[in-house]
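Heads up: the sequence shown begins at 19 in our numbering, then just goes up one per residue. All C-beta atoms, glycine included, are put in the ideal place defined by N, C-alpha and C. Every value quoted in this text rests on a predicted model; they were computed, and no experiment measured them. Below is one structure, written out as structure tokens; comments come after it.
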Amino acid sequence: MAIINSYPTVTPENGDLLLMVDTSVEGNPTKTATVGSVSSLVNKGYKDYVFSFTQDSTNDPVVTELNNDTGLTFTFTRSTVGDYHLVPSASFDLSKTWAQVTGGSVGQNTYLNIKNYQTNLIAILNIESTTGNPRDGVNTGFVELRIYS
Numbered sequence: 019m020a021i022i023n024s025y026p027t028v029t030p031e032n033g034d035l036l037l038m039v040d041t042s043v044e045g046n047p048t049k050t051a052t053v054g055s056v057s058s059l060v061n062k063g064y065k066d067y068v069f070s071f072t073q074d075s076t077n078d079p080v081v082t083e084l085n086n087d088t089g090l091t092f093t094f095t096r097s098t099v100g101d102y103h104l105v106p107s108a109s110f111d112l113s114k115t116w117a118q119v120t121g122g123s124v125g126q127n128t129y130l131n132i133k134n135y136q137t138n139l140i141a142i143l144n145i146e147s148t149t150g151n152p153r154d155g156v157n158t159g160f161v162e163l164r165i166y167s
């Protein structure tokens with residue numbers, strides 16, 4: 019029998035396999051599961067939507083989705099100069115929702131801020147730091163929306 023501490027320690031990845039024992043099976047209960055499938059069973063207490071985005075000229079923001087386990091789909095559009103609207107496919111409970119926005123455009127000295135927060139809309143404003151006016155053009159923006167159960 020192998021000695022467990024004789025194996026090297028590694029940083030697990032989602033596709034790595036774990037050995038487990040299925041106690042509901044007689045005979046050969048040893049099975050494998052991926053690290054990702056086991057970690058999906060862990061309850062964080064919230065579902066989240068995380069994405070990065072860029073925006074230029076009068077175009078809608080270009081979104082790169084990093085994680086979405088909310089069960090909702092989102093539309094992110096440019097409303098007016100420097101004003102962007104994140105709209106979910108269904109309303110959520112504001113008393114159980116947290117949002118964070120970071121980023122802007124370094125060369126233009128802008129930063130992102132939440133302008134409006136409703137059950138069916140989060141408005142994000144790109145503000146020029148020297149004038150306080152909204153401005154188009156986001157080099158890098160990040161949004162994290164958590165919906166707690």
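Report the rounded CA-to-CA distance for Ser70 versus Lys62, giving the unit in angstroms. 21 Å
Less than 7 Å between the beta carbons of Val161 and Val124, yes or no? no
Name the DSSP bridge partner or partners of Tyr135? Ile140
Count the other CB atoms, across all protein chains shown, that sit within 10 Å of the CB of Pro47; report buried if there are 16 or more and exposed otherwise. exposed
Could you spell out where the beta strand (DSSP E) holding Gly122 opens and where it closes? 115-123
Mark Asp154 as exposed unless 16 or more other C-beta atoms lie within 10 angstroms of its C-beta, in which case mark it buried. buried
Helix, strand or coil: which one does DSSP assign to Ile21? The answer is coil: DSSP assigns Ile21 none of H, G, I, E or B.
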